[in-house]
Structures are given as C-alpha cells and as structure tokens.
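Read the structure below first, then the notes.
2 protein chains.
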Amino acid sequence: MFFEGSEKKVEVVTASAAGSLRELGREYWSGVVATANAEILTTLSNDDCDAYLLSESSLFVWKDRFLMLTCGTTTLIDAFLHFLDSINEDHLLFASYQRKNEYMSHLQVTSWEEDIERLKARIPGKAFRLGNMDSHHNYIFHMDRPYAPAMDDKTSELLMYHIKGESAEYLRSEKQTIEGIRKLLRLDEILPGFALSDWLFEPFGYSLNAIKGDRYATFHITPQEDSSYVSFETNLDVQDNHVLEKLLEALKPGSWDLIGFNSPAPLRENGEFSSMTECQLSLKCGYDMSFNHYQHKAHCKVEAEELV
Amino acid sequence: MFFEGSEKKVEVVTASAAGSLRELGREYWSGVVATANAEILTTLSNDDCDAYLLSESSLFVWKDRFLMLTCGTTTLIDAFLHFLDSINEDHLLFASYQRKNEYMSHLQVTSWEEDIERLKARIPGKAFRLGNMDSHHNYIFHMDRPYAPAMDDKTSELLMYHIKGESAEYLRSEKQTIEGIRKLLRLDEILPGFALSDWLFEPFGYSLNAIKGDRYATFHITPQEDSSYVSFETNLDVQDNHVLEKLLEALKPGSWDLIGFNSPAPLRENGEFSSMTECQLSLKCGYDMSFNHYQHKAHCKVEAEELV
Numbered sequence: 000m001f002f003e004g005s006e007k008k009v010e011v012v013t014a015s016a017a018g019s020l021r022e023l024g025r026e027y028w029s030g031v032v033a034t035a036n037a038e039i040l041t042t043l044s045n046d047d048c049d050a051y052l053l054s055e056s057s058l059f060v061w062k063d064r065f066l067m068l069t070c071g072t073t074t075l076i077d078a079f080l081h082f083l084d085s086i087n088e089d090h091l092l093f094a095s096y097q098r099k100n101e102y103m104s105h106l107q108v109t110s111w112e113e114d115i116e117r118l119k120a121r122i123p124g125k126a127f128r129l130g131n132m133d134s135h136h137n138y139i140f141h142m143d144r145p146y147a148p149a150m151d152d153k154t155s156e157l158l159m160y161h162i163k164g165e166s167a168e169y170l171r172s173e174k175q176t177i178e179g180i181r182k183l184l185r186l187d188e189i190l191p192g193f194a195l196s197d198w199l200f201e202p203f204g205y206s207l208n209a210i211k212g213d214r215y216a217t218f219h220i221t222p223q224e225d226s227s228y229v230s231f232e233t234n235l236d237v238q239d240n241h242v243l244e245k246l247l248e249a250l251k252p253g254s255w256d257l258i259g260f261n262s263p264a265p266l267r268e269n270g271e272f273s274s275m276t277e278c279q280l281s282l283k284c285g286y287d288m289s290f291n292h293y294q295h296k297a298h299c300k301v302e303a304e305e306l307v
Numbered sequence: 000m001f002f003e004g005s006e007k008k009v010e011v012v013t014a015s016a017a018g019s020l021r022e023l024g025r026e027y028w029s030g031v032v033a034t035a036n037a038e039i040l041t042t043l044s045n046d047d048c049d050a051y052l053l054s055e056s057s058l059f060v061w062k063d064r065f066l067m068l069t070c071g072t073t074t075l076i077d078a079f080l081h082f083l084d085s086i087n088e089d090h091l092l093f094a095s096y097q098r099k100n101e102y103m104s105h106l107q108v109t110s111w112e113e114d115i116e117r118l119k120a121r122i123p124g125k126a127f128r129l130g131n132m133d134s135h136h137n138y139i140f141h142m143d144r145p146y147a148p149a150m151d152d153k154t155s156e157l158l159m160y161h162i163k164g165e166s167a168e169y170l171r172s173e174k175q176t177i178e179g180i181r182k183l184l185r186l187d188e189i190l191p192g193f194a195l196s197d198w199l200f201e202p203f204g205y206s207l208n209a210i211k212g213d214r215y216a217t218f219h220i221t222p223q224e225d226s227s228y229v230s231f232e233t234n235l236d237v238q239d240n241h242v243l244e245k246l247l248e249a250l251k252p253g254s255w256d257l258i259g260f261n262s263p264a265p266l267r268e269n270g271e272f273s274s275m276t277e278c279q280l281s282l283k284c285g286y287d288m289s290f291n292h293y294q295h296k297a298h299c300k301v302e303a304e305e306l307v
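Which chain is which? The protein sequence lines are A and B, in order.
Residue numbers in the first sequence follow numbering that gives the first Met the number 0, run continuously in steps of one, and reach 307 at the last position.
Residue numbers in the second sequence follow numbering that gives the first Met the number 0, run continuously in steps of one, and reach 307 at the last position.
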C-alpha cells in the first residue's frame, strides 16, 4: 500500500515573445504530462489560468507561467526537458525544479543528482539543498538568470506528514466523500470564492485544484498509514485568514515542512511543536526561499512497525 | 567527497555443536569479509575474541558468536548469506541483521526490502522498523527462534551525525594523528585497560577496535562536512563511567541515535537537546530493543548547501 506522496515541482516564467502558454492548448500540455507518466483527469479554467488535475498531482498554466507538480514515481524531469525542447531558451525569464526528501528515494526512477546533471547540460543553473540530508530537506535548481518577481508573487508550500486523529481516520475510511473532505479541509473558510475541481481516488487519496483570478491553491492527500502525506500549495498570502493554523488543526500532522518563496514562515515554535530545521536562502533569480521543518512534541513516541 | 558512514550489522550466536567460530580461522573470515567487498586491515586477539579491523568497519569473532559491521556501499547481506551457506541452520541460536537510514540510500547496491526478501528465503524471521520512515530509524531482521541472552549480553550503539566544533575540525584536518584522536575520544577514560587497534584513513576517517576479556568496543569516524557520522558500539554497560555523555561532549553532534539491546537508553531530554523519536520493542528472540533519536537544539539553524 506504499505510495510516495511527496511531489517534484517545476515552475517556469516566459517572456511575452514566447506567446501565450495557454494557447499551446490542452493537447500540448497533455503531451508534457504524459512525458512524466501522468495524465490529465480534469480541467478547470478562468480568465487567467487553466488548472489541470493530474493522475499524480497538478498542472497550472497561465499566459506567461506554468507550474507542475507530480508525485509517486513520475519522471517530472522528462516533462521539464520536453518543455525546454519546445521553447527558445532566450524566452525563459525564470525556471526552477524542486525535489524533496522522499519516504523511499531508492524506489524513484532517477535521483536528484541525475536530474540535475541532465538539466545543467541544457540550461545554466544553480542547485542547492535546504535542510540536512538525513532529515527533511528540499532541493532546488534554478536557472542562473536574474529575474524580478512581482510584489504579489509569493508561494507557500505546507507539506504535512503522519496525519493523526479523526481526520486521518476519515481519509483512510471507505465512507469518505468529496463533500466530507472539502468540509474537513474547511475550504469555505480558507479558499472563499474559489472555483474547485477535485478527485477522490480508489481506495483512497484526494486531489484538489482551486483558482480565483490569478490565485491558485492545490491539495494532495496520500492518507496511507505509516507514510501519510498531505501537501497544500498556494500563491495566496497565508498570513491572511490563519490558513496554516487551520490546516494543522484539521489534519494534526506529526511533522510538517513549510517552504516559502518571497513568503515568510509565520509559524513560530510554541509549546506544542518544535522547530527542527530553519534554513533561508536568497536565490539569485529573485526569490527569498525559506525551508522550515517542524515536529509535534507528541510525535516522538513511535510504535515499531512490523514489516512483511 | 561523500561517504556513507552508516553501518549495516550482522550478529550471530551459534550452538556448541557448531564448533568454535574462531577456529574457522582468518582465511575463512577473510573470505566472508571479501563477500561484502571489504578487506581485513588489522587483527587483534585475546583469549576470548579476534577483532578484525576492516577497510569498511569491523568484525569481532568469539567462540560462539560473531558481529560484523560494514559501511559505505558494502554488501553485508552477501557476507551473511555466505556464512549461512557454511553452517547447519540447526546450530544457529540467534541471528540478526540491521540497517539504518542512510544519508543517500539510493546509492546503495541493495535496498532493505531486497535484503530481507533474500534472508527470508533462507531462514525464518521477523522484520521491523523502529522510528519513522522519513526520519532516523533502524531496521532489524531477526531469526524467528526463542533465545535467552546472558545477563551481561547488553549492546549499545551511539550513532552521531553532524559533528561540530574543534573536534570536528581536527578530524577533518591534515594534522590529525592516531594519538590525537585517541585523546579526543578520551579512550583512557572510557575504555580503561582495553587493547586497541586503530587505523587512520587517507585523507581522513578513523576506525578503532578495542577488546578486554569478552568486552568489545568499536569506533568509526566519517568526518566529511555535510555528511559526518561517528559510530560507537560496545557491550560495556554505558551507564558506568558516563560514556555517552563524554562522547557527546567530545564530538558535539547535531543529532544522534541511541540503540540498545537489553540496554536502557539512559539519555533523557534536557535543556540542550530534544528527544525526537522514542521506540521500544520486545523481540521474540530475547532482546528488548530500543531506538532513540535526539537532536541538539542549536542544530535547527542550517545553512543552505550549494551543490555541484
């Protein structure tokens, strides 16, 4: 029942000379997605964005930007290289590729090092690891080119591990429904007015894309006991509306990571959880990146796991 | 400069009907070691034990017991299976195989799952993971046969990560000497009266075997910045003599694990470090196993690492 929920991520910003990325059309993006061994399940569009829900995570396409996340054993690096084949490199304003620590990295098709070797052969870039190798960490590669992000270009990623309590039990149960999960995640409070597109997998697992104007949010839930993982990513300001606190309260993770791009980490250590890793880096491509790993204090008592 | 210091470990106890394991001789054990892709560097013997220092870690052979540790990308599982080929299974009183989280598990020749599949095809056994998959943890396989360890059969493993400060700098420097390292580890205090055999690797790295009667201790130091690791293992009672406290003071690890077999974990959380994982398990082969992972509070501030 093991499934690697942790996502790889690509983000690209293009110059107007490249034309609209949305106009490349669903067939083009479907081909990009297929290169990573995933497929498009649903499409949600508004004036600004096409949001594709994938069999493994999500793709968001704006006129001048796209963002793709894939989990499991998908090969996002292949999709990224495939995209690079179809664009004039001079039209790239910004490009980044991220991977994080996986539960079982040896089951992945390629390693971070292999991915970066292939990327560096194609575009000039820099690569970093934020966080220690033997604990939670995030790898990032970015194109080595100056870029000036807009004021409202802020990204927050909340990655939750070892979810516990009633919500976790519900998400692993047969009785779960899309309506029930939307309620559990308090979507009406944290994403008011967003258009939603979601999917319930068999026997469990849930994905959601949400858009409103040029704002987006996405959830991916891998509830499997022992390797549970829930990711939330958005370009909303997460300091509004106590979004992070609400999600931590709803899902009760044993540990979690908060990654920000031009978005400060507003969670401060308190009596309930400890800050395990704090790492910040000003990337030359214009983003201040932060990586913070937290652990709930009650999470230290662990039962031994009998293996098959 | 990356080197995987973290060891795999085999321990076997045999019945008297199997004859003396020491009498199998150096040539036999040299063959076992070669199967794991290691070689014997030094031999130290007393009335009870032959202690072999290996190119990757250590082998201790008593009349009715052996213990082998290997690090790097050695294939200890092959050595274990090679040994099993040469013994009547009925003569095995106890057998265990351990692996822990590695810094870069995808660089290993085999995974834990593959090792266990091969072992289970040979001897009946049970397998467990102590600690969460996404944090420090220890895997153990043991033969499924009741065994009654002697009263003084206690093992403690102290595995230290991210060593810091003067000692760490010394261990990474060109000026280090065997005498200097022995002093740094305070061997005269923690291993009084032990016979020692040690080895300084080029450009750095250090291994030590120590024996006194049927007691043993072994150190392996991989000082490489960013992936530093120091292991200490012994069948001494580590509550005598404040051994653990002395080593933590000397090496200043950012985090460490303490694994005990019929040996309680005497380190309790204090103002300086936090207990991150606590896991205990009564193995049906007669040992109470404990796994404890600790982190120093100052270790949470981490610099981003630029990767080549």
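A virtual CB, placed ideally from N, CA and C, is assigned to each residue, including glycine.
Since we're looking at a predicted model, the values are computed, not measured.
What is the DSSP secondary structure of residue i, counted as helix, strand or coil?
i	result
residue 208 of chain B	strand
residue 182 of chain A	helix
residue 86 of chain A	coil
residue 304 of chain A	strand
residue 190 of chain A	coil
residue 138 of chain A	strand
residue 106 of chain B	helix
residue 115 of chain A	helix
residue 177 of chain B	helix
residue 199 of chain A	strand
residue 158 of chain A	strand
residue 289 of chain B	strand
residue 24 of chain B	helix
residue 297 of chain A	helix
residue 126 of chain B	strand
residue 168 of chain B	helix
Spatial neighbours of residue i within its chain, please: CB distance less than 7 Å, with the 5 preceding and 5 following residues excluded, ordered by chain position.
i	result
residue 298 of chain A	161, 253 and 254
residue 185 of chain A	245 and 249
residue 192 of chain A	211
residue 164 of chain A	251
residue 187 of chain A	none
residue 260 of chain B	153, 154, 286 and 288
residue 54 of chain A	37, 38 and 40
residue 72 of chain A	3, 106, 107 and 108
Among residues of its own chain, excluding the 5 on either side of residue i, which ones have a beta-carbon nearer than 6 Å to its beta-carbon?
i	result
residue 78 of chain B	31, 34 and 35
residue 264 of chain B	257, 289 and 291
residue 4 of chain A	70, 221 and 228
residue 268 of chain B	274
residue 156 of chain B	232 and 258
residue 56 of chain B	6, 68, 69, 70 and 219
residue 198 of chain B	40, 52 and 206
residue 308 of chain A	Chain A is shown only over 0 to 307; residue 308 of chain A falls outside these bounds and no answer can be derived.
residue 94 of chain A	11 and 142
residue 281 of chain A	287
Identify, in the order they occur along the chain, each residue of the same chain with its Cβ nearer than 8 Å to the Cβ of residue i, setting aside the five sequence neighbours on each side.
i	result
residue 29 of chain A	38 and 39
residue 104 of chain B	110
residue 179 of chain B	169
residue 15 of chain B	63
residue 195 of chain B	43, 181, 186, 207, 208 and 209
My guess is that residue i and residue j are in contact by the Cβ rule of under 8 Å, so how many angstroms apart are they, rounded?
i	j	result
residue 102 of chain A	residue 226 of chain A	5 Å
residue 13 of chain B	residue 81 of chain B	Incorrect: roughly 15 Å between the Cβ atoms, too far for contact.
residue 154 of chain A	residue 208 of chain A	Incorrect: roughly 15 Å between the Cβ atoms, too far for contact.
residue 293 of chain A	residue 266 of chain A	7 Å
residue 76 of chain A	residue 117 of chain A	6 Å
Given the structure, does residue i come close to the ligand NAP, in the sense that its CB is under 6 Å from one of the ligand's heavy atoms?
i	result
residue 162 of chain A	The ligand NAP is not part of this structure, which contains no ligands at all.
| said: Whether or not the segment 47-62 of chain B and the segment 209-216 of chain B are in contact is what I'm after, with contact meaning three or more pairs of Cβ atoms, one per stretch, closer than 8 Å; do they touch? | reply: yes
| query | In the segment 36-101 of chain B, which residue ranges form an unbroken alpha helix (DSSP H) of at least 4 residues, counting only runs that do not cross its ends? | reply | Within the segment 36-101 of chain B, the alpha helix (DSSP H) runs of at least 4 residues that lie entirely inside it are, in chain order, 75-84.
| query | What residue ranges within the segment 206-284 of chain B form continuous alpha helix (DSSP H) runs of no fewer than 4 residues, ordered along the chain? | reply | 242-250
| query | Counting Cβ pairs, one atom from each stretch, are 3 or more of them under 8 Å apart for the segment 198-208 of chain A and the segment 109-116 of chain B? | reply | no
| Would you call the segment 125-132 of chain A and the segment 271-282 of chain A in contact, with 3 or more CB pairs under 8 Å? | yes
| Is the segment 141-156 of chain B touching the segment 111-126 of chain A, taking contact as three or more C-beta pairs under 8 Å? | no
| said: When you compare the segment 14-28 of chain B with the segment 52-66 of chain B, are there three or more beta-carbon pairs, one atom per stretch, that lie closer than 8 Å? | reply: yes
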